[in-house]
Amino acid sequence: MEQRAHPLELPQSAHTYRKQRDALTSGDSCSHALVDALAHATDTYFTQRIRELQDDAEFSGLFSPHPHVLLAVGGYGRRELCPGSDIDLVLVFEKTIPESAGDFVRAVVYPLWDLRLDVGHGVRTVADCVSLSRKDPAVLASLLDARPLAGDASVFKRLQDKFLSMVRKRSSGFTDWLHEENKRREARFGDAGGRLEPQLKNGLGGLRDVNQIMWLSQLGDANIPGPFLPHELAALREDNRFLLRVRSALHLSAGRKLDTLAFDLQPGVARLLGYLPGDATPQGAGRAVEFFLSRLHRAMNRILAMREALFREVLGRASASRSARDTPIPGADNLLAGPEGLRFAEAENVTPEQALNLFRVWAETGQAPQWSARRLVTEKAGQWGQKLAEEPQTLSTLLNIFLAGHGPAASKGLAQTGLLAVLVPEFGAVRHLVQFNDYHVHPVGRHTLETVAAVAAFLRQQDNDFHEPARGLCHAERLVLAALFHDLGKEQPDHGKAGEAIVRTVLARYGRPQDEIDEVAFLVRHHLLIPATATRRDLSDEAVVARVASLADSEQRLDALYLLSVADSMATGPRAWNNWTASLFAELYTKAREYLQSGYLGHPLQSEHMVTIWQKASELASESMPVSRAESMLESMPPRAFFALSPETLVRHMHIRQRLERDLEQDRIRKPGHMAGKGVNVVDVTPSGVPGCFEVTIAAQDRPGLFATFAGTLALHNLDILSADIFTWSDNTAMDVFTVAEPGPGNGVTGDELWARVGRSIMYALTGRLNLASRLEDKRNSLLGKRISAPKLAPVVNVNNEASHYHTVVEAAGPDRKGLLHDLARVLGDFDLGVALARITTMGGQAADVFHVLGADGRKLAPEHSQDLRKALLKAFD
Numbered sequence: 001m002e003q004r005a006h007p008l009e010l011p012q013s014a015h016t017y018r019k020q021r022d023a024l025t026s027g028d029s030c031s032h033a034l035v036d037a038l039a040h041a042t043d044t045y046f047t048q049r050i051r052e053l054q055d056d057a058e059f060s061g062l063f064s065p066h067p068h069v070l071l072a073v074g075g076y077g078r079r080e081l082c083p084g085s086d087i088d089l090v091l092v093f094e095k096t097i098p099e100s101a102g103d104f105v106r107a108v109v110y111p112l113w114d115l116r117l118d119v120g121h122g123v124r125t126v127a128d129c130v131s132l133s134r135k136d137p138a139v140l141a142s143l144l145d146a147r148p149l150a151g152d153a154s155v156f157k158r159l160q161d162k163f164l165s166m167v168r169k170r171s172s173g174f175t176d177w178l179h180e181e182n183k184r185r186e187a188r189f190g191d192a193g194g195r196l197e198p199q200l201k202n203g204l205g206g207l208r209d210v211n212q213i214m215w216l217s218q219l220g221d222a223n224i225p226g227p228f229l230p231h232e233l234a235a236l237r238e239d240n241r242f243l244l245r246v247r248s249a250l251h252l253s254a255g256r257k258l259d260t261l262a263f264d265l266q267p268g269v270a271r272l273l274g275y276l277p278g279d280a281t282p283q284g285a286g287r288a289v290e291f292f293l294s295r296l297h298r299a300m301n302r303i304l305a306m307r308e309a310l311f312r313e314v315l316g317r318a319s320a321s322r323s324a325r326d327t328p329i330p331g332a333d334n335l336l337a338g339p340e341g342l343r344f345a346e347a348e349n350v351t352p353e354q355a356l357n358l359f360r361v362w363a364e365t366g367q368a369p370q371w372s373a374r375r376l377v378t379e380k381a382g383q384w385g386q387k388l389a390e391e392p393q394t395l396s397t398l399l400n401i402f403l404a405g406h407g408p409a410a411s412k413g414l415a416q417t418g419l420l421a422v423l424v425p426e427f428g429a430v431r432h433l434v435q436f437n438d439y440h441v442h443p444v445g446r447h448t449l450e451t452v453a454a455v456a457a458f459l460r461q462q463d464n465d466f467h468e469p470a471r472g473l474c475h476a477e478r479l480v481l482a483a484l485f486h487d488l489g490k491e492q493p494d495h496g497k498a499g500e501a502i503v504r505t506v507l508a509r510y511g512r513p514q515d516e517i518d519e520v521a522f523l524v525r526h527h528l529l530i531p532a533t534a535t536r537r538d539l540s541d542e543a544v545v546a547r548v549a550s551l552a553d554s555e556q557r558l559d560a561l562y563l564l565s566v567a568d569s570m571a572t573g574p575r576a577w578n579n580w581t582a583s584l585f586a587e588l589y590t591k592a593r594e595y596l597q598s599g600y601l602g603h604p605l606q607s608e609h610m611v612t613i614w615q616k617a618s619e620l621a622s623e624s625m626p627v628s629r630a631e632s633m634l635e636s637m638p639p640r641a642f643f644a645l646s647p648e649t650l651v652r653h654m655h656i657r658q659r660l661e662r663d664l665e666q667d668r669i670r671k672p673g674h675m676a677g678k679g680v681n682v683v684d685v686t687p688s689g690v691p692g693c694f695e696v697t698i699a700a701q702d703r704p705g706l707f708a709t710f711a712g713t714l715a716l717h718n719l720d721i722l723s724a725d726i727f728t729w730s731d732n733t734a735m736d737v738f739t740v741a742e743p744g745p746g747n748g749v750t751g752d753e754l755w756a757r758v759g760r761s762i763m764y765a766l767t768g769r770l771n772l773a774s775r776l777e778d779k780r781n782s783l784l785g786k787r788i789s790a791p792k793l794a795p796v797v798n799v800n801n802e803a804s805h806y807h808t809v810v811e812a813a814g815p816d817r818k819g820l821l822h823d824l825a826r827v828l829g830d831f832d833l834g835v836a837l838a839r840i841t842t843m844g845g846q847a848a849d850v851f852h853v854l855g856a857d858g859r860k861l862a863p864e865h866s867q868d869l870r871k872a873l874l875k876a877f878d
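In structure tokens:
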């Protein structure tokens with residue numbers, strides 16, 4: 001049959017549908033009824049559109065001899081249509097598909113495409129549907145939610161009969177496929193109920209889990225009751241409605257289909273859901289978003305727990321032999337283990353100790369409880385927990401759970417049932433607390449358990465990088481307790497100090513010995529010592545290392561602090577734990593341990609150390625240059641270079657200095673006069689000792705604002721600066737060493753060409769041919785420069801003359817943007833401050849930069865100028 005052209009004008013049904021959608025999705029709120037209303041409006045469109053076609057002589061007789069039915073499938077079939085959801089259809093014929101079917105589909109679907117809606121459609125026979133469902137579980141899943149929109153009801157009935165008959169015979173295979181899909185979901189999207197940017201649809205605990213529960217309920221044996229009671233299913237449906245409402249608000253806020261609740265969209269979503277008033281202050285907005293996320297996480301955790309329980313019982317039932325029976329567990333009174341999980345033998349006679357023992361057996365064997373056992377613990381958690389909290393043995397059992405091979409899963413169950421929150425109410429108080437930033441990946445409760453799990457792995461597994469310091473601990477349980485308590489004071493401004501008080505209260509309540517209480521309290525109070533020092537201070541400064549070592553006071557305590565810091569950072573997320581921060585932590589820990597062992601960093605006198613490094617560098621340099629030349633350059637280097645750099649690096653800097661000298665001489669020949677030498681620079685790049693990082697050394701004649709120029713140029717070329725060491729020689733040579741993240745594909749060029757462009761840009765900037773500030777502003781405002789931003793927090797600047805013996809330490813934290821380091825460095829230059837060291841930390845949308853500076857006279861900043869500098873740096877964030 002000849003294909004009809006795509007109609008140029010929208011039919012009346014599509015005009016009406018567009019108005020209905022616009023009315024439903026406009027406004028400043030998002031109600032529970034939206035998804036159903038959108039589905040109803042879409043149903044109405046298809047009814048009206050088909051009626052229009054029936055009234056059109058060209059289409060009216062298309063299917064008269066071919067019984068058919070138009071089906072809504074997938075989310076649309078469930079009447080769960082969010083503003084950006086796909087509209088999925090299947091046109092099913094009883095036996096044969098007529099040639100005119102394509103014309104019908106185009107007449108129905110094209111108007112929706114013209115409305116910029118995503119419509120998926122297929123045309124099949126009843127036999128095709130059954131056959132495809134047999135081969136493709138994804139097709140099977142979509143048809144489980146099918147409902148008729150128009151057509152012959154008898155065709156739908158016939159399809160249902162054949163489809164469900166086939167599905168029930170293959171339900172175990174479908175369940176196995178879903179189980180494997182869930183593994184892939186976990187690997188890709190993670191546990192949504194434990195993430196601060198949850199994936200609402202496919203993350204574990206998301207809408208897909210609700211779908212799976214409903215699918216398996218449809219396919220279950222009518223003679224075998226499911227694990228859930230009516231009120232639990234009602235709560236599940238309520239959680240599902242809430243997630244659909246959140247997803248709808250996310251689509252409206254983003255203006256498109258989106259399933260990951262990104263940070264920059266969370267305030268808009270919270271506002272549409274009624275959590276955030278329009279006149280909220282930034283602080284109030286942050287708290288409102290945190291409250292909303294806590295509600296969301298609770299719903300997703302409940303959904304995940306139910307889906308996992310259902311799968312455990314369905315898979316266990318399917319794998320069990322007919323003769324399989326529940327068996328008692330040695331050493332665990334009133335507990336039985338069976339193919340469907342652990343359960344209480346006599347549920348009506350469970351004691352608090354037996355309830356806690358359930359989680360110990362889970363942690364040791366990996367066998368999780370049945371839903372009925374979890375339900376009982378959840379219902380009795382308050383009553384049992386109060387009795388357990390009076391027993392000293394309870395804390396020892398908790399430690400055994402944390403340290404066992406399957407401790408992470410059992411610990412998560414302890415938290416989900418509410419029992420852990422009763423045993424440690426201070427944990428319950430912050431369990432759902434979230435921090436409105438993209439530095440932390442998890443809420444406090446989940447982060448705490450992740451930290452405990454990391455520490456337990458250090459202690460248990462011999463094949464990790466941290467087992468060596470872990471195995472030397474005399475009291476490993478104290479480190480585990482510190483991990484449990486380290487963030488429980490998060491609601492207070494100084495959460496380390498607040499956490500110390502919590503430790504003393506809880507451990508005294510459980511009757512722990514005083515020396516243990518003191519040790520755990522110390523670890524919690526100072527758990528940020530190593531991260532804060534490693535990422536903000538000059539690790540070549542012996543006084544910095546001495547402070548950490550002196551505070552730790554012993555190698556055992558330093559080992560525990562280091563392991564706690566690593567575990568905490570790992571659990572925080574990739575912003576806090578990566579190759580660069582790992583290298584800084586390790587450097588500080590190694591130096592502090594050396595200091596504790598010998599009382600100095602490998603050299604009793606600084607002058608003696610400086611002479612040793614000088615001599616080694618001179619010997620190495622003599623192989624490629626005259627000794628007199630080497631000695632002359634070593635004399636020009638600042639003293640700090642001999643403590644911060646290796647002899648090999650010093651020699652490399654000598655060669656860079658020689659290249660700069662040759663280039664300067666050539667430039668003076670080409671450009672006599674006042675322009676001679678201006679803009680000349682040397683860019684030397686070598687792989688850093690840290691995977692994924694490069695060391696970029698840039699040399700030029702020193703001048704005001706040079707560091708800002710270097711930093712701005714690197715930013716202009718999309719290079720992320722992690723740290724900077726600035727060495728100004730007495731012969732006016734600036735030798736600035738930047739550690740940068742490995743260049744990504746966004747640069748357009750890589751390798752030598754990239755670094756050549758960096759050098760040319762520096763030259764143009766130094767000679768006035770490139771306005772860095774203007775170019776950076778253009779780049780920030782361009783479409784390519786746009787990026788998802790984290791929550792905008794107020795900037796903070798601290799100017800500290802006491803943190804270092806030699807420098808004024810300036811800390812500037814606030815919203816990040818391209819070229820921010822350049823702007824901050826320009827302000828420092830305006831105050832005639834030279835940067836000796838910079839530590840650059842970018843936590844997603846937040847920058848936390850630390851500068852060690854000196855005035856032009858080589859002294860610290862005069863106190864009377866501190867406030868002016870602070871104001872100027874704060875203004876640079878505008």
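In terms of full-length UniProt numbering, the sequence shown opens at residue 1 and continues consecutively.
C-beta: ideal position from N, C-alpha, C; glycine also.
- The region 124-133 makes contact with the region 90-101; the number of CB pairs closer than 8 Å reaches 3 or more.
- Of the candidates 592, 593, 566 and 591, the residue whose Cα lies closest to the Cα of residue 580 is 566.
- Short of 6 Å from the beta carbon of residue 811, and not among the five residues preceding or following it, lie these beta carbons of its own chain, in chain order: 798 and 850.
- One thing to note: residue 289 has its Cβ within 9 Å of the Cβ of residue 267.
- Of the candidates 643, 639 and 616, the residue whose Cα lies closest to the Cα of residue 630 is 616.
- At the C-beta level, residue 25 and residue 273 stay beyond 9 Å of one another.
- Cβ neighbours of residue 621 within its own chain (closer than 6 Å, five residues either side excluded): 630, 651 and 654.
- Linking residue 132 to residue 374 through their CA atoms gives a straight-line distance of about 39 Å.
- It is roughly 44 Å from the alpha-carbon of residue 176 to the alpha-carbon of residue 16.
- Residue 709 is positioned such that its CB atom lies closer than 9 Å to that of residue 822.
- For residue 120, the uninterrupted beta strand (DSSP E) segment begins and ends at 119-125.
- DSSP places residue 258 in the coil class of the three-state scheme, outside both helix and strand.
- Membership of residue 101 in any beta strand (DSSP E) is not indicated; the residue belongs instead to the alpha helix (DSSP H) covering 101-114.
- Residue environment: residue 469 is assigned as buried (16 or more neighbouring CB atoms within 10 Å of its CB, all protein chains considered).
- DSSP places residue 77 in the helix class (H, G or I) of the three-state scheme.
- Out of 423, 365 and 359, the CA that lies nearest to the CA of residue 388 is found in 423.
- Taking the C-beta atoms as reference points, residue 829 is found no nearer than 9 Å to residue 776.
- When only Cα atoms are considered, residue 414 and residue 399 end up about 13 Å apart.
- Contact check for residue 684 and residue 677: beta-carbon distance about 19 Å, past the 8 Å limit, so the pair fails to qualify.
- The continuous alpha helix (DSSP H) containing residue 381 extends over residues 371-388.
- Counting along the chain, the unbroken beta strand (DSSP E) around residue 723 starts and ends at 721-728.
- Three or more beta-carbon pairs separated by less than 8 Å link the region 711-730 to the region 635-647, which places the two stretches in contact.
- In the DSSP assignment, residue 37 falls within the alpha helix (DSSP H) that extends over 34-55.
- Counting only the Cα atoms, residue 190 lies some 39 Å from residue 753.
- Going by beta carbons, residue 115 and residue 256 fall outside the 9 Å limit.
- Between residue 42 and residue 71, the CB-CB gap reaches or exceeds 9 Å.
- Assignment of beta-bridge partners to residue 681 by DSSP yields 700.
- Residue 305 places its beta carbon 9 Å or farther from that of residue 211.
- If you draw a 10 Å sphere on the C-beta of residue 113, you find fewer than 16 other C-beta atoms in it, and that means exposed.
- In this structure, the CA atom of residue 355 is about 10 Å from the CA atom of residue 332.
- Under the three-state reduction of DSSP output, residue 96 falls in the coil class, being neither helix nor strand.
- Residue 768 and residue 679 have their C-alpha atoms roughly 9 Å apart.
- Remark: C-beta atoms of residue 482 and residue 459 do not approach each other more closely than 9 Å.
- The beta carbon of residue 327 is closer than 6 Å to those of 337 in its chain, skipping five residues each way along the sequence.
- Inter-residue distance for residue 315 and residue 448 is about 31 Å (C-alpha atoms, whole angstroms).
- In the three-state scheme derived from DSSP, where H, G and I count as helix and E and B as strand, residue 538 is classed as coil.
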